[in-house]
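Number of protein chains: 2
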Amino acid sequence: MIGRLNHVAIAVPDLEAAATVYKDTLGATVSAPQDEPDNGVTVVFVELDNTKIELLYPLGENSPIAGFLAKNTSGGMHHVCYEVEDIIAARDQLVEKGARILGDGEPKIGAHKKPVLFLHPKDFSGTLVELEQV
Amino acid sequence: MIGRLNHVAIAVPDLEAAATVYKDTLGATVSAPQDEPDNGVTVVFVELDNTKIELLYPLGENSPIAGFLAKNTSGGMHHVCYEVEDIIAARDQLVEKGARILGDGEPKIGAHKKPVLFLHPKDFSGTLVELEQV
Chain A
2 MIGRLNHVAI AVPDLEAAAT VYKDTLGATV SAPQDEPDNG VTVVFVELDN TKIELLYPLG
62 ENSPIAGFLA KNTSGGMHHV CYEVEDIIAA RDQLVEKGAR ILGDGEPKIG AHKKPVLFLH
122 PKDFSGTLVE LEQV
Chain B
2 MIGRLNHVAI AVPDLEAAAT VYKDTLGATV SAPQDEPDNG VTVVFVELDN TKIELLYPLG
62 ENSPIAGFLA KNTSGGMHHV CYEVEDIIAA RDQLVEKGAR ILGDGEPKIG AHKKPVLFLH
122 PKDFSGTLVE LEQV
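Below is the structure:
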């Protein structure tokens with residue numbers, strides 16, 4: 002079912018500092034910061050040869066990563082995103098296998114303007130998993 | 002400097018259960034468990050189209066992931082591994098930029114029989130970073 006690893010998301014307490022580390026220290030190509038108000042984050046994309054790292058910083062009052070950063074003050078790996086061809090088929094298969102979908106179980110439009118779902122970390126070895134339809 | 006994302010490592014408290022979730026629930030291709038006594042882990046490789054997920058389980062008495070699993074009893078994302086062409090040149094550039102190398106600063110032979118280094122999480126937004134020469 003899952004295809005490519007679309008991205009690894011890392012929540013960071015200082016977006017400019019994190020982007021500078023990826024650009025200057027690790028020598029990667031990084032984008033300008035991009036506000037995603039619908040998702041409550043500002044994102045810097047780190048372009049690798051085969052996938053992306055997304056550096057996430059809270060945007061607005063109810064950012065979904067604010068709680069994570071309160072607990073992990075240095076930042077940390079927040080989620081992985083796997084690509085699927087059909088998110089409804091994927092969801093139905095996951096539910097049949099006993100996995101829990103976060104929220105109301107309906108896909109939302111994610112940061113790449115494509116349908117996404119998040120899966121319960123307790124069902125995936127403590128790892129928050131995003132699925133994105135591509 | 003950094004090239005491909007070689008893998009994302011996820012430490013898991015139950016290797017068979019985690020492998021089954023990736024195989025049956027997420028429909029991915031997973032390897033048989035592979036003991037890596039020199040690295041203190043047993044690994045299941047999850048083969049994605051563009052990279053790998055490595056499910057890590059402690060092996061032996063001084064496993065480097067035992068402390069992580071004691072703190073994160075459900076498991077969790079443990080590190081990311083980026084590929085570099087020349088690990089000595091990469092290390093020297095990192096040190097010059099002020100990043101800290103874990104251990105004695107000399108590359109070790111990693112799980113793929115290639116030279117690796119680990120970088121201090123505090124210098125990389127709370128994320129443990131492995132570099133592997135390819």
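One line per chain: the protein sequences are A and B, in this order. Numbering of the first sequence is given in the working numbering, commencing with residue 2 and proceeding in unit increments. Numbering of the second sequence is given in the working numbering, commencing with residue 2 and proceeding in unit increments. Quick reminder that beta carbons are idealized off the backbone N, C-alpha and C, glycines included.
1) Quick one: give me the first and last residue of the beta strand (DSSP E) that T21(B) is part of.
2) Going along chain B, which residues have a C-beta under 9 Å from D25(A)?
3) Select from the stretch 18-52 of chain A all residues with a C-beta closer than 7 Å to any C-beta belonging to chain B, and list them in chain order.
4) Verify the contact flag: V45(A), CB atom, against every heavy atom of the ligand SAM, threshold strictly below 7 Å.
5) Within 8 Å of any Cβ in chain B, is that where the Cβ of I11(A) sits?
6) Using the Cα positions of V96(B) and I102(B), report the straight-line distance between them to the nearest angstrom.
7) How would you call A90(A), buried or exposed, if buried means at least 16 neighbouring beta carbons within 10 angstroms?
8) Is there a C-beta anywhere in chain A that falls below 8 Å from the one on S64(B)?
9) Looking only at DSSP bridge pairs, what is V45(B) linked to?
10) According to DSSP, simplified to helix, strand and coil, what is V96(A)?
11) Please list, in chain order, all residues of the same chain as E62(A) whose beta carbon is under 8 Å from its beta carbon, the five residues on each side excluded.
12) Which term fits E84(B), buried or exposed, when burial requires 16 or more other beta carbons within 10 angstroms of its beta carbon?
13) Please check the pair T30(A) and E55(A), which I expect to be a contact at CB under 8 Å, by giving their CB distance rounded to whole angstroms.
14) By how many angstroms is the C-alpha of A20(A) removed from the C-alpha of E86(A)?
15) What separation, rounded to the nearest whole angstrom, lies between the Cα atoms of L60(B) and V42(B)?
16) Considering only C-alpha positions, which residue in the set N51(A), T52(A), G77(A) and D50(A) is nearest to Y58(A)?
17) Are the C-beta of K123(A) and some C-beta of chain B separated by less than 8 Å?
18) Apart from the five residues just before and just after N136(B), which ones in its own chain have a Cβ nearer than 8 Å to its Cβ?
19) CA-CA distance, V44(B) and E37(B)?
20) What residue range does the alpha helix (DSSP H) around A67(B) cover?
21) Consider the Cβ of L95(A): report whether some Cβ of chain B lies at a distance smaller than 8 Å.
22) Along the chain, where does the beta strand (DSSP E) that runs through E84(B) open and close?
23) Once you ignore the five residues that flank K109(B) on each side, which residues in its own chain have a CB closer than 8 Å to its CB?
24) Sort out for me which residues DSSP pairs H8(A) with in a bridge.
On the basis of the data shown:
1) Counting from one through the second sequence, the residue named residue 21(B) turns up at place 20. Run containing T21(B): none in the beta strand (DSSP E); it sits in the alpha helix (DSSP H), L16 to T21.
2) Your numbering for residue 25(A) matches position 24 in the first sequence. Within chain B, the residues near D25(A) are K98.
3) A19, V22, D25, T26, L27, G28, A29, L49, D50, N51 and T52
4) Ligands displayed in this structure: none; no statement on the ligand SAM is therefore possible.
5) Working through the first sequence from its first residue, we reach residue 11(A) at position 10. Answer yes: the Cβ-Cβ gap between I11(A) and chain B drops below 8 Å somewhere.
6) One-based indexing of the second sequence puts residue 96(B) at position 95. One-based indexing of the second sequence puts residue 102(B) at position 101. When rounded, the distance between both Cα atoms is 8 Å.
7) One-based indexing of the first sequence puts residue 90(A) at position 89. An exposed status is given to A90(A), since fewer than 16 other beta-carbon atoms sit within 10 Å of its beta-carbon.
8) In the second sequence, counting from the first residue as 1, residue 64(B) sits at position 63. Cβ-Cβ to chain A under 8 Å: no for S64(B).
9) Start at 1 with the first residue of the second sequence, and residue 45(B) comes out as number 44. Per DSSP, L56(B).
10) As a working note, residue 96(A) is residue 95 in the first sequence. DSSP places V96(A) in helix when its eight states are reduced to three.
11) Taking the first residue of the first sequence as 1, we reach residue 62(A) at position 61. For E62(A), where only same-chain residues beyond five positions count, there are no Cβ hits under 8 Å.
12) Within the second sequence, residue 84(B) is the residue found at index 83, counting from 1. Answer is buried; the Cβ neighbour count reaches 16.
13) Working through the first sequence from its first residue, we reach residue 30(A) at position 29. Working through the first sequence from its first residue, we reach residue 55(A) at position 54. Actually they do not touch by this definition, with Cβ atoms about 13 Å apart.
14) To locate residue 86(A), count along the first sequence from 1; it is residue 85. To locate residue 20(A), count along the first sequence from 1; it is residue 19. Going by the C-alpha atoms only, they are around 31 Å apart.
15) Position 59 of the second sequence holds residue 60(B). Position 41 of the second sequence holds residue 42(B). Taking the straight line joining both Cα atoms gives about 4 Å.
16) Taking the first sequence and counting its residues from 1, the one referred to as residue 58(A) is at position 57. When only C-alpha atoms are compared, the closest one is G77(A).
17) Numbered from 1 along the first sequence, position 122 holds the residue referred to as residue 123(A). With 8 Å as the cut-off, K123(A) counts as an interface residue toward chain B.
18) No answer is possible for residue 136(B): it lies beyond the span of chain B, which begins at 2 and ends at 135.
19) Stepping through the second sequence from its first residue, residue 44(B) is reached at position 43. Stepping through the second sequence from its first residue, residue 37(B) is reached at position 36. Looking at the two C-alpha atoms, the distance is approximately 7 Å.
20) As a first step, residue 67(B) is located in the second sequence; it is residue number 66 there, counting from the start. A67 to K72 is the extent of the alpha helix (DSSP H) around A67(B).
21) Against the first sequence, residue 95(A) aligns to sequence position 94. Yes, contact with chain B.
22) As a working note, residue 84(B) is residue 83 in the second sequence. Element bounds for E84(B): G77 to V85.
23) Counted from its first residue, the second sequence places residue 109(B) at position 108. Setting aside the 5 residues that flank it on each side, K109(B) is surrounded in the same chain by P116, V117 and L118, each with a C-beta closer than 8 Å to its C-beta; the list follows chain order.
24) Working through the first sequence from its first residue, we reach residue 8(A) at position 7. Answer is K53(A) and C82(A), bridged to H8(A).
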